[in-house]
Structure formats: C-alpha cells, structure tokens
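Structure first, then comments.
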Amino acid sequence: MKREQIVVLGAGIGGLLAAGAAAPYFDRVIVVEKDQLPDQPLAEPVPRKGVPQGPQVHAIIKRGENTITGIFPDFPDRMRAAGSATVIAGWNLQVHEGGGWHPRRDFGFSIFAQTRALMEQVIRGCLLDLANVTLKAGCRFTGLDLSDNGAVKAVRISGDDPGGGDIAADLVVDAMGRGSPMPKWLDDHGHGMVRRSRAGINIHYVTMLLRRPEAYRDSADAWVIRAKAPAKVRGATLIPIEGGRWLLTLASRFGDLPPLDFPDCLEFARSVEGGVLYDLIKDTEVTTAPRRFMVPEALLAHFDEMDDLPAGLLPLGDVIGNFNPMLAQGMTIASLHAESLGHCLQQLGKPGGDLQSVSHDYISAAVAISETAWQAAVNADFAYPKTEGNRPPDLAEQQKFRRAVREIIETDADLHKAAIDVQQMLQPGSALARPDVLERVRELS
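Mind the numbering: the sequence shown is residues 0 to 444 in numbering that gives the first Met the number 0, read in order.
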C-alpha cells in the first residue's frame with residue numbers, strides 16, 4: 000500500500016537518491032532545494048551555490064555506482080553519455096601509498112570520475128523522469144509541524160515557490176548536508192541536541208581544473224598520492240573528468256596550507272611523494288582558479304540515541320556523518336542510506352510495518368553504515384599524533400595490519416584485488432585477514 004507523500008529536504012546527491020528510493024512507495028515525492036536549479040540540463044554543469052565542496056573531485060567508488068544503479072537502472076548509460084570518464088581500477092588508477100606505487104594490475108572493473116555538478120545533473124534527470132516526483136527549487140526549510148503524538152506531519156518552507164508554506168508529509172528526509180539546520184531546530188524546540196563524536200583531522204585542500212595536455216587527451220589515467228603518515232602530510236589526486244580536463248587536488252594537514260597561486264601549486268606538487276605530479280601538470284592550462292577548502296573535524300551524529308527525535312524524521316548522508324573527503328566515500332555512504340531507506344519502506348505493506356517502525360529501523364541502519372565507515376576513516380587519520388579524538392585501544396595493531404597488507408600486495412595479486420575491493424566498499428575489511436597477513440602483523444610486533 001502506498002502512502003501519500005514524502006518530503007526530501009535537499010537536492011544534492013543524497014537527497015536525489017533518497018527520493019528515487021522512496022518513489023515506489025509514495026503517491027507523491029516532493030524534493031525541496033534552497034538553491035535555484037536550471038530548467039534544462041546544461042552542456043557544462045556548474046556547482047550549486049550551496050555546495051562549497053562542489054568543485055572537488057567526485058569519483059564514485061564501485062559500491063556507490065552499483066547502489067545508485069539499483070535505484071536508477073540507466074544511471075551508468077547516462078553517465079557515459081554525459082561524458083564521465085571511466086577509470087580502470089588498479090590499471091588507470093595508480094596509487095602511491097606507504098612510500099611507493101602500487102603494482103599496476105587490471106582488476107576487471109572501472110569507476111566513473113567527473114565533477115559533482117555533472118553527476119548531480121545526471122541523477123536529477125533520472126529522478127525527474129519519475130511521474131510522481133516534484134522538485135521545488137529556491138525554497139528553504141524553516142521548521143516542522145508535528146502531530147499530537149510527536150510525529151512529523153508537515154514541513155514549513157519559505158522561498159520562491161508560489162506553493163510555499165506548509166507541505167504535508169508522512170515522512171521527511173533531511174538530506175541538507177553537514178550544515179543542515181535541522182539539529183539546531185530540534186534543540187531549539189525541546190528535542191535535545193544530537194550527540195556527536197568528533198575527530199580533529201585538520202585537512203586542507205586546494206582544487207582546480209586543468210586542460211589535459213595532448214599526450215593525455217584521450218587517456219583515462221589517474222593518480223592518487225597518499226601521504227606516508229606520520230612523517231608526511233602532503234598528498235594529491237589528479238583525475239580525468241569530462242571535457243578533456245583533469246581535476247587536481249592538493250591536500251595537506253595541520254596548518255600546512257596548499258597554495259592558491261598556480262606557480263606555488265607547482266612547487267607544492269614537486270614536494271609530493273611519487274615523483275610524477277609536477278611533470279604531469281607543469282605545462283597544463285589552468286581553466287579555473289584554485290579554491291581552498293578545510294575540513295577541521297570528522298563528525299558522527301548519533302541520531303539513534305535521541306529519545307525525542309520526531310517519528311518520521313529521517314537524517315541521511317552528511318547529516319549523520321562526514322570524514323576525510325580524500326577517501327571519496329561520502330557519496331557512497333549517502334547511496335547506502337538511500338538503499339536502506341528503500342528496504343525499510345518495503346515493510347510498509349507487511350504486518351507491523353508502520354511509519355514509526357520504518358523510522359526506527361532506518362535510523363539504526365543508517366547510523367550503523369556511517370559509523371563503520373567513519374571509524375575506519377578516523378582510525379587511519381589517527382596515524383598522525385596531532386589528530387585529536389579518542390583513539391581505539393587496538394590502534395597500533397590496526398596500523399601494523401595496514402602496513403602488512405601494503406607489503407604483501409607487492410607480490411600477491413589476490414590480496415591486492417581484495418584490498419581494492421575493500422577500498423571500493425565491495426567487501427568488508429575482514430576480507431584482508433588472511434593467515435599470511437596476520438603472521439606478518441605478528442612479525443611487525
């Protein structure tokens with residue numbers, strides 16, 4: 000049995016996917032977005048004003064692509080048609096980690112790489128092809144209306160849409176990102192402030208678009224250079240995107256700010272490990288000015304602990320957790336939240352499947368998804384003594400484990416494939432716990 004209406008706050012990637020996952024279970028899906036959006040697809044999509052991280056690279060790892068395709072089956076075809084680059088994992092995608100380059104091996108699958116604006120436009124097109132979906136752009140969330148039993152019954156909005164005011168809702172998805180006003184609204188209206196786990200990761204990065212040189216015009220090669228912690232803090236990515244361009248990201252930590260002037264960026268690139276980045280970019284044409292971003296903290300919001308969270312309010316994506324953006328897992332986490340929402344909504348037509356149970360089951364699942372990824376990410380950040388937060392008691396063993404895996408993949412293609420699958424969220428980290436890896440961990444102790 001379909002319910003009447005779900006409202007999704009935020010038309011970023013998480014909100015679009017949540018709307019797509021919910022569409023089969025509601026008569027109407029209303030997506031509310033504070034930014035203005037183009038009426039028609041643009042030949043060269045531009046970042047939304049409300050997405051400051053929009054210019055950074057948005058390669059979608061394989062688990063995310065698979066999950067999005069489960070919601071929108073024609074997603075891969077639309078991405079290719081829009082010009083997204085396809086990068087073969089292990090072959091085109093070259094990784095420098097632990098002081099050396101990974102062996103080049105073709106692992107039989109590729110990932111999409113593109114600007115966020117292009118990916119949003121493709122997913123938005125998939126969503127708006129659904130007959131029961133309406134998008135209200137230029138509208139801001141101002142509050143919730145709750146029923147006498149404390150459940151969501153409407154969303155209050157203001158803005159350009161002539162149908163503004165209250166929008167009735169059986170469920171409300173908060174996909175407004177890490178700056179969502181919802182936690183403050185909840186606290187201001189007596190529901191309490193959600194507890195957040197924090198880790199001070201202090202990441203700074205600069206991004207810019209470059210015209211690919213002729214030698215790489217048709218190349219799908221990409222480079223990821225991870226700083227060797229704790230001695231090094233500088234890393235970089237150079238990724239092919241649509242339009243014959245590269246997206247360059249220079250990253251560092253703890254006050255070592257990547258520069259904004261391109262000649263200085265070249266010197267920064269020269270200092271990055273791997274010995275290739277400077278030569279790759281020294282003769283390129285810069286097509287956008289370098290832009291700097293900072294991520295002082297990784298945050299995880301424990302919505303599952305709130306005693307007075309209104310029934311029917313469902314946080315999603317960065318509203319729950321955000322972490323090191325260089326891991327490229329944020330969009331995949333949002334897609335897994337959307338997938339989980341769809342699975343929970345399937346219970347509506349079954350005995351005991353009411354909206355309150357959907358809310359409870361979804362929030363438990365979504366927080367667990369974010370917590371697993373968040374903890375793995377910040378544990379890697381804890382390799383730096385300056386990272387602030389509660390270190391796990393087995394941190395030293397985790398670091399030895401990562402070192403053992405890195406050593407063994409030099410000569411073991413099977414373990415290398417498993418490591419790629421873990422990074423692409425296709426397998427859990429336990430897939431790497433082979434006897435020879437554990438033996439090497441003991442040797443390192």
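Backbone N, C-alpha and C fix where the C-beta goes; we use that ideal spot for every residue, glycine too.
- The three-state secondary structure of T331, taken from DSSP, is helix.
- Straight-line measurement puts the Cα of V404 at about 16 Å from the Cα of L394.
- Scanning E272, L313, R291 for the CA closest to the CA of F261 turns up R291.
- Separation of the CB atoms of G11 and E96 is rounded to 30 Å, and the pair is thereby denied contact status at 8 Å.
- If you draw a straight line from the Cα of N389 to the Cα of S196, it comes to about 9 Å.
- If you look at S356, you'll find it in the alpha helix (DSSP H) that goes 354-380.
- Your pair A418 and A219 does not check out as a contact, with CB atoms roughly 21 Å apart and the cut at 8 Å.
- Annotation for P434: the continuous alpha helix (DSSP H) segment containing it runs 434-443.
- For K152, the enclosing beta strand (DSSP E) has its first and last residue at 151-158.
- Taking a C-beta distance under 8 Å as the contact criterion, F140 and V121 do not qualify as a contact pair.
- In the displayed model, T114 falls within a strand according to three-state DSSP.
- Secondary structure note for A21: its alpha helix (DSSP H) is the uninterrupted segment 12-21.
- Runs of the alpha helix (DSSP H) spanning 4 or more residues and lying entirely within the region 274-336 occur at 276-280, in chain order.
- Secondary structure of K231 (DSSP, three-state): coil.
- The three-state secondary structure of A130, taken from DSSP, is coil.
- For D260, no alpha helix (DSSP H) segment is defined, and its DSSP state is neither H nor E.
- C343 has its alpha-carbon roughly 21 Å from the corresponding atom of E64.
- Across the structure, A235 and L265 are spaced so that their CA atoms are roughly 12 Å apart.
- With contacts defined as CB atoms closer than 8 Å, M293 and H203 qualify as a contacting pair.
- Taking a C-beta distance under 8 Å as the contact criterion, L414 and V421 do not qualify as a contact pair.
- S429 sits in a helix when the DSSP states are folded into three classes.
- The straight-line gap separating the alpha-carbon atoms of H188 and L36 is approximately 31 Å.
- Residues of the same chain with a CB within less than 6 Å of the CB of M175, apart from the 5 flanking positions on each side, are L8, G9 in chain order.
- In the DSSP assignment, W90 falls outside any alpha helix (DSSP H), carrying neither H nor E.
- For the region 164-198, the continuous beta strand (DSSP E) assignments of 3+ residues that do not extend past its boundaries occur at 164-167, 170-173, in sequence order.
- Under DSSP, R244 forms a beta bridge with R210, I240.
- In chain order, V6, I29, A153, V154, I156 place their CB closer than 7 Å to the CB of I166, counting only its own chain and leaving out the 5 sequence neighbours on each side.
- With contact defined as three or more Cβ pairs closer than 8 Å, the region 268-283 and the region 104-117 are not in contact.
- Rounded to the nearest whole angstrom, the CA to CA distance from D34 to P392 is 44 Å.
- Counting C-beta pairs with one atom in each stretch, the region 128-138 and the region 298-315 have fewer than three that are closer than 8 Å, which means they do not touch.
- DSSP, read as helix, strand or coil, puts R104 in coil.
- One Cα belongs to L143, the other to K399, and the distance between them is close to 48 Å.
- A buried status is given to M181, since no fewer than 16 other beta-carbon atoms sit within 10 Å of its beta-carbon.
- Rounded to the nearest angstrom, the Cβ distance from A81 to L117 is 6 Å, consistent with a contact under 8 Å.
- Spatial neighbours of M325 in its own chain (CB-CB distance under 6 Å, excluding positions within 5 residues in sequence) are listed in chain order as A250.
- A straight line joining the alpha-carbon of G14 with that of N148 spans about 27 Å.
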